[in-house]
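Novice: Let me begin by handing over the structure; questions about it come next.
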Amino acid sequence: MHIKINFSGVFSGVPFEEDSTISHIISYILQKNDVPLSYAQYCVILQVGADKFGYPLSPTDLVRQHQDSALHFRIIRFPESLDDVDEHFQELMQNQIHKMVISASYWVDQKTAVRLAARVCCAVFGPYHNQQFGFLTKTLSQLVPHQYSSEEVENYILTEWQSLQQNINPVSLYLSEFVTNIQYGYVPFSARLEQQPVRILFGPKMILLFSQKGEIMDWIEPEKVAFPAEMRTDVVFSGQKEWKAEMNGCKAIKEIQRVIIGGYVKPEEIQKKKFSFSGIL
Numbered sequence: 001m002h003i004k005i006n007f008s009g010v011f012s013g014v015p016f017e018e019d020s021t022i023s024h025i026i027s028y029i030l031q032k033n034d035v036p037l038s039y040a041q042y043c044v045i046l047q048v049g050a051d052k053f054g055y056p057l058s059p060t061d062l063v064r065q066h067q068d069s070a071l072h073f074r075i076i077r078f079p080e081s082l083d084d085v086d087e088h089f090q091e092l093m094q095n096q097i098h099k100m101v102i103s104a105s106y107w108v109d110q111k112t113a114v115r116l117a118a119r120v121c122c123a124v125f126g127p128y129h130n131q132q133f134g135f136l137t138k139t140l141s142q143l144v145p146h147q148y149s150s151e152e153v154e155n156y157i158l159t160e161w162q163s164l165q166q167n168i169n170p171v172s173l174y175l176s177e178f179v180t181n182i183q184y185g186y187v188p189f190s191a192r193l194e195q196q197p198v199r200i201l202f203g204p205k206m207i208l209l210f211s212q213k214g215e216i217m218d219w220i221e222p223e224k225v226a227f228p229a230e231m232r233t234d235v236v237f238s239g240q241k242e243w244k245a246e247m248n249g250c251k252a253i254k255e256i257q258r259v260i261i262g263g264y265v266k267p268e269e270i271q272k273k274k275f276s277f278s279g280i281l
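UniProt numbering puts the first residue of the sequence shown at 1, with every later residue one more than the last.
The following block contains the structure:
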């Protein structure tokens with residue numbers, strides 16, 4: 001039997017047995033990507049609910065119970081430091097972070113977007129070697145957020161790419177660049193504040209409130225968030241001042257915050273079943 005899992009934006013079939021659990025699926029994906037199972041503590045399988053938001057599944061849930069659901073593999077917690085992080089797990093992190101950068105879930109200025117895009121070019125295409133100007137035009141939407149998509153930015157990317165040393169690890173360089181951004185380690189959600197769109201980023205120790213211009217408006221301790229009753233959307237954040245934001249998917253966000261703070265899968269709880277199936281991830 002196989003179940004479809006959205007992995008890096010593509011649905012792939014993952015094999016499972018009658019007694020397979022969600023932790024088996026996480027372990028399988030990590031094994032197929034040569035990632036040590038200790039990194040399962042950072043990963044979840046999200047089930048998309050009727051409200052179109054992802055709900056983290058318990059690692060002990062049987063896979064067959066969710067066979068007809070839309071499931072997504074996500075890294076939802078991040079190592080505090082990149083020191084000694086497995087290189088294959090770094091690749092999974094970089095891939096997910098970059099998708100969130102180009103979709104503007106994470107806010108970056110043009111200079112940072114160019115630097116990140118150049119590192120993606122280096123990772124995907126290798127060292128710069130007299131590339132023809134214009135060859136990135138068709139893929140620019142996969143390199144930078146749409147608001148920075150221009151011929152000028154394309155040229156900036158090529159210049160930055162050319163400046164990168166050939167003996168560097170572009171994935172590590174990308175992550176190191178992003179770690180300097182205060183948004184590293186946070187999970188972003190859209191909200192409205194006084195009828196204006198904002199971003200609210202949930203982290204293990206702090207919640208950040210961002211304007212659409214990327215300016216930090218406030219920071220809030222996790223315990224100072226009041227989620228609404230069922231079916232309501234008004235969330236109260238008590239930081240330097242009190243904010244009342246309108247957020248859809250509050251139930252899912254509350255569950256995700258719980259995972260970010262405490263986690264679901266601990267290293268000692270990982271089911272280390274070795275798969276003999278021929279998966280296609």
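No residue lacks a Cβ here, since even glycine has one placed at the ideal position from N, Cα and C.
Relative to the alpha-carbon of I260, which residue among G203, E194, H129, G239 has its alpha-carbon at the smallest distance?
Specialist: As a first step, residue 260 is located in the sequence shown; it is residue number 260 there, counting from the start. Of the listed residues, the one whose Cα sits closest to I260 is G203.
Novice: Which runs of the alpha helix (DSSP H), 4 residues or longer, sit entirely within the stretch 125 to 189?
Specialist: The qualifying runs are 151 to 163, 170 to 179.
Novice: Is the Cβ-Cβ distance between V187 and L201 less than 8 angstroms?
Specialist: To locate residue 187, count along the sequence shown from 1; it is residue 187. To locate residue 201, count along the sequence shown from 1; it is residue 201. Their beta carbons are under 8 angstroms apart, which means V187 touches L201 by this criterion.
Novice: Here's the rule I'm using: 16 or more other beta-carbon atoms within 10 Å means buried, otherwise exposed. How should H129 be labelled?
Specialist: The residue you call residue 129 lines up with position 129 of the sequence shown. H129 is exposed by the Cβ-count criterion.
Novice: Where does the unbroken alpha helix (DSSP H) through residue 363 begin, and where does it stop?
Specialist: Lying before the first or after the last residue shown, residue 363 is absent from the chain, which here runs from 1 to 281.
Novice: Determine the closest residue to Q162 out of A245, A117, G185, with distance taken between C-alpha atoms.
Specialist: Here residue 162 refers to the residue found at position 162 of the sequence shown. Of A245, A117, G185, the residue nearest in Cα terms is A117.
Novice: Go ahead and pull the three-state DSSP assignment for I97.
Specialist: Position 97 of the sequence shown holds residue 97. DSSP places I97 in helix when its eight states are reduced to three.
Novice: If you compare alpha carbons, which of V35, V44, I3 is closest to G262?
Specialist: Locating residue 262 in the sequence shown gives position 262, counting from the first residue. It is V44.
Novice: On the CB-based measure, 16 or more other CB atoms within 10 Å of its CB, does T159 come out buried or exposed?
Specialist: Position 159 of the sequence shown, counted from the start, is the residue given in the question as residue 159. Exposed: under 16 other Cβ atoms inside 10 Å.
Novice: Taking buried to mean at least 16 other C-beta atoms within 10 Å of its own C-beta, is K274 buried or exposed?
Specialist: Here residue 274 refers to the residue found at position 274 of the sequence shown. Because K274 sits at a pLDDT of 37, beneath the cut-off of 50, its placement in the model cannot be relied upon, and the following sentence gives the value as read from the coordinates. Exposed, since its Cβ has fewer than 16 Cβ neighbours within 10 Å.
Novice: Would a C-beta distance cut-off of 8 angstroms place L71 and Q47 closer than the cut-off?
Specialist: In the sequence shown, counting from the first residue as 1, residue 71 sits at position 71. In the sequence shown, counting from the first residue as 1, residue 47 sits at position 47. A contact, by the Cβ cut-off of 8 angstroms.
Novice: Pairs of beta-carbons, one from the stretch 212 to 230 and one from the stretch 163 to 173, closer than 8 angstroms: are there three or more?
Specialist: They do not touch, by the three-pair rule.
Novice: Specify the secondary structure class of V198 as computed by DSSP and reduced to three states.
Specialist: Along the sequence shown, one-based indexing puts residue 198 at 198. Three-state DSSP puts V198 in a strand.
Novice: On the CB-based measure, 16 or more other CB atoms within 10 Å of its CB, does M247 come out buried or exposed?
Specialist: Here residue 247 is taken as the residue at index 247 of the sequence shown, counted from 1. Burial call: buried.
Novice: For I157, which residues of its own chain have a beta-carbon under 7 angstroms away from its beta-carbon, when the five flanking residues on both sides are left out?
Specialist: Along the sequence shown, read from residue 1 onward, the residue named residue 157 stands at position 157. Taken in chain order, the residues that qualify are V114, A117, A118, C121, L136, L143.
Novice: Count the other CB atoms within 10 Å of the CB of T112; is the residue buried (16 or more) or exposed (fewer)?
Specialist: What you label residue 112 is simply residue 112 of the sequence shown in a count that begins at 1. Buried.
Novice: Tell me where the alpha helix (DSSP H) around R258 begins and ends.
Specialist: The count along the sequence shown starts at 1 and reaches residue 258 at position 258. Start and end: 250 to 262.
Novice: Grab me the residues of K166's own chain with a C-beta within less than 8 angstroms of its C-beta, minus the 5 sequence neighbours each way, in chain order.
Specialist: Working through the sequence shown from its first residue, we reach residue 166 at position 166. According to the sequence shown, residue 166 is Gln rather than Lys. These residues qualify, in order along the chain: P127.
Novice: Secondary structure at P56, three-state DSSP: helix, strand or coil?
Specialist: Translated into the one-based positions of the sequence shown, residue 56 becomes position 56. Of the three classes helix, strand and coil, the one that applies to P56 here is strand, per DSSP.
Novice: Comparing C-alpha positions only, which one of E154, V85, S141, H88 sits nearest to N102?
Specialist: The count along the sequence shown starts at 1 and reaches residue 102 at position 102. Checking the displayed sequence, the identity of residue 102 turns out to be Ile instead of Asn. It is S141 whose Cα lies nearest to the Cα of I102.
Novice: Please list the segments of the beta strand (DSSP E) lying wholly inside the stretch 201 to 255, counting only runs of 3 or more residues, in order along the chain.
Specialist: List check, beta strand (DSSP E) in window: 207 to 211, 216 to 220, 234 to 238, 242 to 246.
Novice: Does H146 pass the burial test, meaning 16 or more other C-beta atoms within 10 Å, or should it be called exposed?
Specialist: Against the sequence shown, residue 146 aligns to sequence position 146. It counts as exposed.
Novice: With distance defined between alpha-carbon atoms, name the residue in G9, E230, S105 nearest to A252.
Specialist: Indexing the sequence shown from 1 puts residue 252 at position 252. Checking every option, the nearest Cα to that of A252 belongs to E230.
Novice: Just to check my reading of the structure: W107 and R199 have Cβ atoms closer than 8 angstroms, yes? What is that Cβ distance to the nearest angstrom?
Specialist: Along the sequence shown, one-based indexing puts residue 107 at 107. Along the sequence shown, one-based indexing puts residue 199 at 199. Their Cβ separation, rounded to whole angstroms, is 7 angstroms, which keeps W107 and R199 in contact under 8 angstroms.
Novice: If we call anything under 8 angstroms between Cβ atoms a contact, is I22 one with I5?
Specialist: Numbered from its first residue, the sequence shown carries residue 22 at position 22. Numbered from its first residue, the sequence shown carries residue 5 at position 5. Against a cut-off of 8 angstroms, the Cβ pair of I5 and I22 comes out as no contact.
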